[in-house]
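Asks: Just dropping this structure here.
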Amino acid sequence: MNILQITSLLIVLAGVFGAINYLFLKLPSSIGILVVALFASFAAMGLDLLIPSLGLADQVRGFVSDLEFSDALLEGMLGLLLFAGALHVKLSDLRDQWRVVALMATIGVALSTVIAGVGFSWITGMPLLIALVFGALISPTDPVAVLGVLRAANLQKSLETKIAGESLFNDGVGYVVFLVLVGLAFPSDHGHAATLADAATLFFQEAVGGAVLGLVLGWLTFRVMRLIDDYSLEVLLTLGLAFGGYELAVWLHVSAPIMAVCAGLLIGDVGAKHGMSEETRSYVDAFWKLIDEILNAVLFLMIGVEFFAIAFSMEAFTAGILSIALALVARLAAVAVPVLILSPFRTFSTGVIPIMTWGGLKGGISVALALSLPETEWTSLILTATYMVVLFSIIVQGLTVARLAKRLGREPELE
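If you read the sequence shown in this note's numbering, its first letter stands for residue 4, the second for the next number, and so on.
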């Protein structure tokens with residue numbers, strides 16, 4: 004199948020599964036599409052067992068392999084999704100919460116990576132360095148999943164900003180940490196493993212370079228938009244920034260996710276205030292909300308059908324179950340430690356730690372990173388465990404976090 008056929012089929016299936024969810028399951032849109040896709044996957048496998056001559060499972064498996072999920076997300080959809088998410092987070096709100104966001108996106112990601120990696124090595128007997136790669140890919144919260152849930156939770160503004168800001172930045176930082184650890188754990192094509200100095204250089208180049216590029220491109224786009232009063236052209240400029248900036252970041256070998264977040268934050272705040280008319284702002288917001296919803300639906304559909312790419316075994320299934328608990332413990336540390344560090348300087352409501360722990364959803368980014376790993380004896384185990392953590396996170400945590408937030412997040416939060 005060519006790219007147009009694959010895209011067409013994905014959009015058709017997302018629409019059909021979304022309609023089924025809306026009419027019957029009535030779950031939140033993205034989660035409902037994922038659940039319907041999983042049911043469809045189970046049905047296809049069951050039908051294939053009953054009527055082997057159909058070869059249905061093999062056909063679906065072929066379609067899944069054609070999807071190239073990792074490339075489609077990391078080199079295509081992710082830039083648009085992160086830009087869309089950042090566009091609706093205001094710098095003024097983020098400025099009030101920047102210490103919490105910064106600590107959770109740095110110290111939090113590092114703690115989570117180490118705890119999940121060491122625990123996974125103990126559970127599976129995997130070499131520690133390779134297990135740390137698993138820790139890195141499972142540590143970032145998925146802004147796509149998190150921001151989707153936030154819309155239904157109706158949280159306090161300060162708590163919502165913490166969760167949204169942290170999910171946007173820890174995604175970029177986690178991706179950089181993953182790249183660094185993959186360079187250390189797996190030899191290059193020339194047979195040489197990366198050194199710690201190489202890793203430090205790569206981290207600085209990716210993280211700082213991505214932020215600088217995003218701010219520069221966002222500022223240049225903003226300056227051009229100030230000279231224009233044509234909503235269709237200005238929407239096109241933001242689309243060009245998200246697409247072109249992401250590809251430029253990949254070409255320059257800097258962090259494309261961090262670039263997309265920084266550019267989106269600048270355009271969504273400074274650009275919206277000083278570079279757009281009221282009409283343009285409404286069109287830009289509506290356009291990117293629609294892009295976000297459509298890509299969200301397609302992404303969760305892809306996660307559901309990716310079930311066919313997973314090779315389940317009893318050992319991998321057991322490791323996956325234990326990894327769910329491990330990921331939650333690692334997430335708890337990633338939230339609690341920064342909060343405890345800042346507690347002498349500010350007061351948090353009692354609901355911050357449990358809400359941010361349970362609301363730290365994993366998603367398509369973790370699956371995409373797992374699929375991008377070089378083929379080794381441990382790759383299949385990592386992929387299975389990652390997929391199980393992601394499914395639990397999206398379905399169980401995603402369907403209950405709003406209820407938890409409403410119960411704990413209503414107390415007035417002292418700043």
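Cβ atoms here follow ideal geometry from the backbone N, Cα and C, with glycine treated the same way.
The model shown is predicted, which means the values in this text are computed figures rather than measured ones.
#1: Can you tell which of 286, 136, 213 has the C-alpha that lies nearest to the C-alpha of residue 237?
#2: Going by the beta-carbon positions, is the gap between residue 168 and residue 340 smaller than 8 Å?
#3: Taking only three categories from DSSP, how would you classify residue 301?
#4: Whose C-beta lies closer than 6 Å to the C-beta of residue 194 among residues of the same chain, with five residues either side of it excluded?
#5: Kindly indicate which three-state DSSP category residue 310 falls into: helix, strand or coil?
#6: May I ask which residues mark the beginning and end of the alpha helix (DSSP H) holding residue 43?
#7: For residue 415, count neighbouring Cβ atoms within 10 angstroms of its own Cβ and tell me buried if that reaches 16, exposed if not.
#8: Measuring straight from C-alpha to C-alpha, what distance separates residue 266 and residue 288?
#9: What is the C-beta distance between residue 89 and residue 263, in whole angstroms, given that I count them as a contact (C-beta under 8 Å)?
#10: Who are the Cβ neighbours of residue 364 in its own chain at under 7 Å, not counting the five residues just before and after it?
#11: CB residue 421 to CB residue 359, shorter than 8 Å?
#12: Going by C-alpha to C-alpha distance, which of 311, 123, 161, 250 sits closest to residue 63?
#13: For the alpha helix (DSSP H) holding residue 349, just list the boundary residues, first then last.
#14: In whole angstroms, what separates the C-alpha of residue 87 from that of residue 290?
#15: In angstroms with no decimal places, state the Cα-to-Cα distance between residue 108 and residue 219.
#16: Report the CB separation of residue 36 from residue 320 in whole angstroms; it is logged as a contact under 8 Å.
#17: Straight-line CA distance for residue 406 to residue 282?
#18: Quick one: what's got a C-beta closer than 6 Å to residue 217's C-beta in the same chain, skipping five residues either side?
#19: What's the C-alpha gap between residue 24 and residue 200?
#20: Looking only at C-alpha atoms, which of 65, 103, 403 sits nearest to residue 347?
#21: Can you give the Cα-Cα distance for residue 344 and residue 337, rounded to whole angstroms?
#22: Hey, does residue 322 have any beta-carbon neighbour from chain C nearer than 8 Å?
#23: Look up residue 91 in the DSSP assignment and say whether it is helix, strand or coil.
#24: Closer than 7 Å by C-beta to residue 457: which residues in its own chain qualify, once you throw out the five before and the five after it? Chain order, please.
#25: Hey, is the segment 228-244 in contact with the segment 49-66, meaning 3+ C-beta pairs nearer than 8 Å?
#26: Assuming the contact rule is C-beta atoms closer than 8 Å, residue 77 and residue 375 should be a hit. Round their C-beta distance to whole Å, please.
#27: Kindly indicate which three-state DSSP category residue 359 falls into: helix, strand or coil?
Replies: According to the structure shown:
#1: Along the sequence shown, read from residue 1 onward, the residue named residue 237 stands at position 234. The candidate whose alpha carbon is nearest that of residue 237 is 286.
#2: In the sequence shown, the residue the question calls residue 168 occupies position 165. In the sequence shown, the residue the question calls residue 340 occupies position 337. Not a contact, by the Cβ cut-off of 8 Å.
#3: If you number the sequence shown from 1, residue 301 lands on position 298. In the structure shown, residue 301 sits in a helix (DSSP, three-state: H, G or I).
#4: Against the sequence shown, residue 194 aligns to sequence position 191. Its pLDDT being 45, under 50, residue 194 is placed unreliably by the model, and nothing is read from it.
#5: Along the sequence shown, one-based indexing puts residue 310 at 307. Reduced to three states, the DSSP call for residue 310 is helix.
#6: For the purposes of this step, residue 43 is taken as the residue at position 40 of the sequence shown. Per DSSP, residue 43 is one residue of the alpha helix (DSSP H) stretching across 32-53.
#7: As a first step, residue 415 is located in the sequence shown; it is residue number 412 there, counting from the start. Here residue 415 scores only 40 on pLDDT, less than 50, and its place in the model should not be relied on; the value that follows carries that caveat. Exposed.
#8: Counting from 1 along the sequence shown, the entry for residue 266 is found at position 263. Counting from 1 along the sequence shown, the entry for residue 288 is found at position 285. Those two C-alpha atoms are separated by around 15 Å.
#9: Taking the first residue of the sequence shown as position 1, residue 89 is located at position 86. Taking the first residue of the sequence shown as position 1, residue 263 is located at position 260. Between residue 263 and residue 89 the Cβ distance is about 7 Å, and since that is below 8 Å, they are a contact.
#10: Locating residue 364 in the sequence shown gives position 361, counting from the first residue. The residues are 144, 145, 148, 149, 152, 396, 397, 400, 401.
#11: Since the displayed the chain opens at 4 and closes at 418, residue 421 lies outside it and no answer follows.
#12: On the sequence shown, residue 63 is found 60 positions in, with the first residue counted as 1. Of 311, 123, 161, 250, the residue nearest in Cα terms is 311.
#13: Here residue 349 corresponds to residue number 346 of the sequence shown, with the count starting at 1. First-last for residue 349: undefined, no H or E at that position.
#14: Mapped onto the sequence shown, residue 87 falls at position 84. Mapped onto the sequence shown, residue 290 falls at position 287. Between residue 87 and residue 290, the C-alpha separation is close to 9 Å.
#15: As a first step, residue 108 must be located in the sequence shown, where it is residue number 105. As a first step, residue 219 must be located in the sequence shown, where it is residue number 216. About 22 Å.
#16: Here the question's residue 36 lines up with position 33 in the sequence shown. Here the question's residue 320 lines up with position 317 in the sequence shown. Incorrect: roughly 25 Å between the Cβ atoms, too far for contact.
#17: Position 403 of the sequence shown holds residue 406. Position 279 of the sequence shown holds residue 282. Those two C-alpha atoms are separated by around 36 Å.
#18: Working through the sequence shown from its first residue, we reach residue 217 at position 214. Excluding positions up to five away in sequence, the list reads 262, 265, 266.
#19: Your numbering for residue 24 matches position 21 in the sequence shown. Your numbering for residue 200 matches position 197 in the sequence shown. Roughly 50 Å between the two C-alpha positions.
#20: Residue 347 sits at position 344 when you count from the first residue of the sequence shown. Of the candidates 65, 103, 403, the one whose C-alpha sits nearest the C-alpha of residue 347 is 103.
#21: On the sequence shown, position 341 is the one that residue 344 refers to. On the sequence shown, position 334 is the one that residue 337 refers to. C-alpha separation (whole angstroms): 12 Å.
#22: Of the protein chains in this structure there is only one, and it is not chain C.
#23: By one-based count along the sequence shown, residue 91 stands at place 88. In this structure, residue 91 counts as coil in the three-state DSSP scheme.
#24: Past the boundaries of the shown model lies residue 457; the chain is included only from 4 to 418, so the question cannot be answered.
#25: Flag = no, the segment 228-244 and the segment 49-66 do not touch.
#26: By 1-based counting over the sequence shown, the position of residue 77 is 74. By 1-based counting over the sequence shown, the position of residue 375 is 372. The pair is a contact, with the Cβ atoms about 7 Å apart (cut-off 8 Å).
#27: Translated into the one-based positions of the sequence shown, residue 359 becomes position 356. The answer is helix: DSSP assigns residue 359 an H, G or I state.
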